[in-house]
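Everything below concerns the one structure shown next.
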Ligand code: DLL
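In our numbering, the protein residues as written are 29 to 499.
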């Protein structure tokens with residue numbers, strides 16, 4: 029018998045100088061017979077070249093890609109040509125990154141007017157997939173991808189997963205919804221790209237999820253933070269301590285969540301919880317992802333997206349570090365180039381850390397359209413989450429109800445007490461919440477403490493606000 033290392037084993041493995049090869053790198057009888065690429069290292073298992081570029085290199089790349097994107101949009105999407113002609117700008121006007129500010133913004137309405145396929149810069153036949161995001165009113169926004177777009181999306185998703193602590197060979201329970209929503213399939217392709225194993229569970233069927241997690245023993249879970257809380261309750265109801273499950277890493281996003289919620293989830297499951305951000309119009313999940321080592325906000329993959337922060341009222345571009353509305357321009361999308369898209373998400377940009385060439389974003393504190401204006405005071409549901417989770421008797425399960433009993437608007441916070449405190453202790457905690465909302469946010473509201481497990485749970489994005497004011 030030959031003593032040469034088996035195909036797919038690294039030579040260093042022989043000497044014991046390096047770690048054993050990861051399982052995905054091994055060749056087997058079938059891959060040998062069919063000469064598949066199973067023996068090649070998964071491309072997404074290690075940081076790729078663009079991920080490691082310096083800030084200066086990123087900005088050079090951004091400029092050339094931005095010029096190409098604006099030209100591509102102008103030449104192939106009549107809606108962009110009309111918009112730019114009306115503003116007296118064109119592809120030749122972009123000579124520096126700062127010149128981007130000369131171009132007008134786009135928004136959901138711009139895409140809705142192009143319903144269903146008029147925003148695409150390639151013939152429909154070249155799309156390999158469409159997704160759609162349902163608005164609360166009117167027609168959905170349709171987004172589409174070429175084969176190359178899907179490949180890049182998978183690579184960026186795999187990047188996010190890797191920095192968040194997922195590894196090739198991991199079993200990944202994917203509870204983002206599959207279908208027109210970009211969450212499920214977007215994550216799915218990233219899982220495969222990383223060289224991990226996808227369990228394509230989708231959202232809902234919570235008892236079945238509990239069973240499969242118990243039986244399959246995944247190390248990683250991907251879902252919304254509020255759905256993970258619903259799963260925690262379901263584990264407890266099944267007599268299983270969530271800390272006893274195999275889950276070690278949560279890659280959570282698609283809705284706003286706070287640092288306090290991260291602590292709650294990490295404590296409940298004994299896991300590391302990282303943020304992942306994205307939106308359908310710009311790509312889907314994976315526009316930015318958070319490092320497990322640092323947990324200091326999501327790194328935006330700036331080789332593919334140019335972010336800006338603007339003042340939502342004046343539309344002026346704000347410097348790195350200042351809070352405002354996030355605006356994105358895609359740099360490599362073929363099917364649906366998006367230029368200066370107003371996300372309505374509120375956050376700030378921060379210098380890169382884990383990938384110094386790519387800036388980070390702070391947590392999303394809310395959306396401009398989710399802001400509650402209560403008798404002149406502006407507030408977001410995340411502020412209530414932050415305060416409530418600092419009070420020991422209260423659970424993270426709450427809803428905000430806005431009514432107008434007379435001439436004045438009123439907000440009622442419905443929040444469950446934790447199962448391990450008495451009803452009386454729950455009432456006291458509710459009174460404390462009311463007081464703290466008054467002193468920290470500056471608005472008076474009513475707090476109603478509900479019994480455990482009585483408020484609606486999410487199976488994806490949770491609805492926090494119920495606006496019952498007369499229209
Ligand atoms: O929610 C894509 C996604 C799926 C992201 C799975 C992460 C994980 P849309 O349905 O188009 O796409 O909704 C996009 O969701 O503009 C934000 O308001 C919100 N959002 C997404 N990720 C986060 C996050 C997907 N990490 C909208 N934190 C965005 C806060 C988020 N809000």
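Every residue, glycine too, gets a C-beta built ideally from N, C-alpha and C.
If you drop the 5 nearest sequence neighbours on each side, which residues of the same chain put their C-beta closer than 7 angstroms to that of residue i?
i, result
"residue 51", "At residue 51 the pLDDT is 49, less than 50, meaning the model places this residue with poor confidence and gives no usable figure here."
"residue 235", "262"
"residue 87", "125"
"residue 215", "185, 202, 204, 250, 313"
"residue 139", "147, 169, 309"
"residue 111", "132"
"residue 437", "402, 403, 430, 497"
"residue 508", "With the chain covering only 29 through 499, there is no way to say anything about residue 508."
"residue 435", "none"
With the cut-off set at 8 angstroms, would you say residue i and residue j are in Cβ contact?
i, j, result
"residue 161", "residue 317", "no"
"residue 353", "residue 396", "yes"
"residue 386", "residue 336", "no"
"residue 428", "residue 494", "yes"
"residue 156", "residue 173", "yes"
"residue 217", "residue 182", "yes"
"residue 203", "residue 250", "yes"
"residue 184", "residue 291", "no"
"residue 327", "residue 271", "no"
"residue 414", "residue 294", "no"
"residue 375", "residue 355", "no"
"residue 134", "residue 366", "yes"
"residue 405", "residue 443", "no"
"residue 224", "residue 194", "yes"
"residue 280", "residue 245", "no"
"residue 473", "residue 462", "yes"
"residue 341", "residue 402", "no"
"residue 430", "residue 400", "yes"
Tell me the rounded alpha-carbon separation between residue i and residue j.
i, j, result
"residue 454", "residue 448", "10 angstroms"
"residue 398", "residue 408", "7 angstroms"
"residue 306", "residue 392", "11 angstroms"
"residue 321", "residue 190", "11 angstroms"
"residue 106", "residue 130", "19 angstroms"
"residue 252", "residue 201", "12 angstroms"
"residue 284", "residue 410", "7 angstroms"
"residue 383", "residue 89", "16 angstroms"
"residue 85", "residue 75", "16 angstroms"
"residue 159", "residue 260", "30 angstroms"
"residue 80", "residue 73", "14 angstroms"
"residue 345", "residue 491", "31 angstroms"
"residue 471", "residue 483", "24 angstroms"
"residue 83", "residue 348", "14 angstroms"
"residue 243", "residue 269", "15 angstroms"
"residue 264", "residue 426", "19 angstroms"
"residue 469", "residue 423", "20 angstroms"
"residue 175", "residue 187", "19 angstroms"
"residue 149", "residue 104", "5 angstroms"
"residue 141", "residue 282", "25 angstroms"
"residue 57", "residue 478", "59 angstroms"
"residue 180", "residue 319", "20 angstroms"
"residue 450", "residue 77", "56 angstroms"
"residue 152", "residue 145", "7 angstroms"
"residue 299", "residue 247", "10 angstroms"
"residue 446", "residue 256", "16 angstroms"
Spatial neighbours of residue i within its chain, please: C-beta separation below 8 angstroms, excluding the five flanking residues on both sides.
i, result
"residue 94", "122, 125, 128, 334, 357, 359"
"residue 258", "234, 485, 486, 487"
"residue 452", "none"
"residue 286", "391, 410, 413, 414, 417"
Spatial neighbours of residue i within its chain, please: C-beta separation below 6 angstroms, excluding the five flanking residues on both sides.
i, result
"residue 91", "125"
"residue 432", "497"
"residue 108", "101, 102"
"residue 481", "none"
"residue 460", "419"
Does the structure place the segment 359-377 close enough to the segment 116-127 that three or more beta carbon pairs sit under 8 angstroms? no
Which residue spans inside the segment 197-269 form an unbroken beta strand (DSSP E) run of at least 3? 199-202, 225-228, 248-251
Taking three-plus beta-carbon pairs below 8 angstroms as touching, is the segment 362-380 in contact with the segment 417-431? no
Counting pairs of Cβ atoms below 8 angstroms between the segment 221-238 and the segment 274-285, do you hit three or more? Too few Cβ pairs lie closer than 8 angstroms, so no.
Quick one: which unbroken beta strand (DSSP E) runs of 3-plus residues sit fully inside the segment 289-355? Chain order, please. Every beta strand (DSSP E) of 3 residues or more that sits fully in the segment 289-355 is shown, in chain order, as 300-307, 312-318, 326-328, 333-338.
4 or more residues per run - each alpha helix (DSSP H) lying fully within the segment 396-431: 409-416, all fully within the segment 396-431.
To test your reading of the DSSP string, which unbroken beta strand (DSSP E) runs of 3 or more residues are found completely within the segment 421-499? 422-431, 438-445, 474-478, 493-495
3 or more residues per run - each beta strand (DSSP E) lying fully within the segment 125-179: 157-161, 169-173
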